[in-house]
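Residue numbers (full-length UniProt numbering): 1 to 317.
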């Protein structure tokens, strides 16, 4: 078991006399292989937040309204992780007709992951590779070869296509590009948020971290798109189609945020191990119950090697 101690401190100066609304994703997620052993939340203002859990992903959201002045949020937790481990060579890609219905949304393009614009590139670069875990690793390594990690080189508008053009970015940009390339090959992929356990201090102080989960076999497996951390030490907060779904704070109002303070450390003791790089594939998600018979009605067979896709719906410009 991995046991991590987490501490998050966030501060906001609220200028609006009417206050401001916030949606936070700072609580450690409850998953099949990640257990919140203890946690404590302290707010500097006397507000009672609403907290809800997405039953599909274990992501926990907290909504609150704060008055003018300073809002300080402090969250601490002790989290135990007992990863599901699998031999990489046993993990196969899943044809679209067999993908569980709840996984299908992660095959489509999304705001930051425009997989529909990368079909030819994905097919030309990865279409002839052996399908399965090894092809996902090839995509991850390719992204790391194409993009250089440079702090403060992207913003909230930077997409996977932007990152491919500019060739620089931070962890979320690496994640978005890897996700988009996977989806262009009909492989379900999603973003996950955690902490950058094991990152080189030269990259900056401890911070939130965006990584990738790819659906192989019967569950979601962890990939560190930027290669800056140790996946075994990633404590999951949330998962979504891209960063728009899992922002650690969404703010509605005239608010000036301070720089987040984040710390996470692995505990030692009997029965515990320290996070380290390993050969096995890792997952903190439960196995899916299996494909539904109705999945066969979603069109014909998908050709994952060629990256073919169904027609996309028109959306407002």
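Yeah, the Cβ is synthetic: ideal placement off N, Cα and C, and Gly gets one too.
- Assigned with DSSP and collapsed to three states, residue 4 falls in strand.
- Just measuring C-alpha positions, the residue of 194, 147, 215 sitting nearest residue 96 is 215.
- If you look at residue 146, you'll find it isn't in any beta strand (DSSP E); it sits in the alpha helix (DSSP H) that goes 133–146.
- When DSSP states are grouped into helix, strand and coil, residue 241 belongs to the coil group.
- Within the DSSP secondary-structure output, residue 34 pairs in a beta bridge with 31, 81.
- Distance between residue 195 and residue 12, taken at the CA atoms: about 21 Å.
- Check the Cα spacing between residue 104 and each of 155, 94, 141: the tightest is with 94.
- Shown here, residue 102 sits in a helix according to DSSP, grouped into three states.
- Sequence-distant partners of residue 144 (beyond 5 residues in either direction) whose C-beta falls short of 6 Å from its own C-beta, in its chain, are 227.
- Ranked by Cα distance from residue 115, the options 140, 4, 289, 179 are led by 179.
- Beyond the five residues adjoining it in sequence on each side, residue 49 comes within less than 6 Å, by CB distance, of 62, 64 in the same chain, given in chain order.
- Sixteen is the threshold: since fewer than 16 other Cβ atoms of the shown chains lie within 10 Å of the Cβ of residue 200, the residue is exposed.
- For residue 24 and residue 112, the gap between their C-alpha atoms comes out near 20 Å.
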